[in-house]
Amino acid sequence: MSTQSFGATGLIAFLEDLGIVTTTVQHPPLYTVEDSKALRGDLPGGHCKNLFLRNKKGQMWLVVCPEDRVLDMKDLGERIGAGRVSFGSPERLTTHLGVLPGAVTPFAVMNDADRLVRVVLDEALMAESLLNFHPLVNDQTTSITPGDLMKFLEAVDHRPVVLTLA
2 MSTQSFGATG LIAFLEDLGI VTTTVQHPPL YTVEDSKALR GDLPGGHCKN
52 LFLRNKKGQM WLVVCPEDRV LDMKDLGERI GAGRVSFGSP ERLTTHLGVL
102 PGAVTPFAVM NDADRLVRVV LDEALMAESL LNFHPLVNDQ TTSITPGDLM
152 KFLEAVDHRP VVLTLA
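Going by my numbering, the first residue of the sequence shown is number 2, and it counts up by one from there.
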């Protein structure tokens, strides 16, 4: 992987090169889970929220869980082995994952050439037949199978930790 930042078109081409079949739909920009619920229609599959976190040592995590999962930040920090965590700044997000707030997605780790962001997936996601994520922009949603998400993450050298976050 180079240090260039990939966009939605580059992501889809990368997925195709891996033999991963996805479906992408366009929609108005979505910034929150509430926006997504209101505007996504009947798009099948699991809908997720993606939390870009850091601890006081500057270590970073991308936590991906079902959209309605209620998380206690103190407990979450302990579960992922981070200690106390807080949300990463928009500047840190753009620097390390190449996306803007509202477009956070596990696909963004393809822009983390230095492999500084650890990926944590909620175990409940992996039971879904399809998962829905922004393809690096928040005016589209891409559906992918959990197995193909794992294939993608391994291809970009970001093997995730799968935990029960309930």
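Idealized CB from N, CA, C, for every residue including glycine.
Going by beta-carbon coordinates alone, are ASP123 and LEU166 separated by less than 8 Å? In contact: ASP123 and LEU166 (Cβ atoms closer than 8 Å).
Taking the beta strand (DSSP E) that HIS48 belongs to, which residues open and close that run? 47-56 is the extent of the beta strand (DSSP E) around HIS48.
Which of the three DSSP states is assigned to ASN112 in this structure? It is helical.
Could you check how far apart the C-beta atoms of GLY168 and SER144 are, in whole angstroms? I think they sit under 8 Å. This structure does not reach residue 168, given that the chain is present from 2 up to 167, and the question cannot be answered.
Here's the rule: buried if 16 or more other CB atoms are within 10 angstroms of the residue's CB, otherwise exposed. What is PRO136? Looking at its Cβ environment, which holds 16 or more other Cβ atoms inside 10 Å, PRO136 is buried.
ASN112 versus LEU131, GLY78, GLU79, PHE153, residue with shortest Cα-Cα distance: For the options LEU131, GLY78, GLU79, PHE153, the alpha carbon positioned closest to that of ASN112 is the one of PHE153.
Spell out a yes or no on whether the segment 19-33 and the segment 64-75 are touching, meaning 3 or more CB-CB pairs, one atom from each, closer than 8 Å. In this structure the segment 19-33 does not touch the segment 64-75; the number of beta carbon pairs closer than 8 Å is below three.
What number of angstroms, rounded off, separates the C-alpha of VAL121 from the C-alpha of LEU54? Cα to Cα, the separation comes out at about 11 Å.
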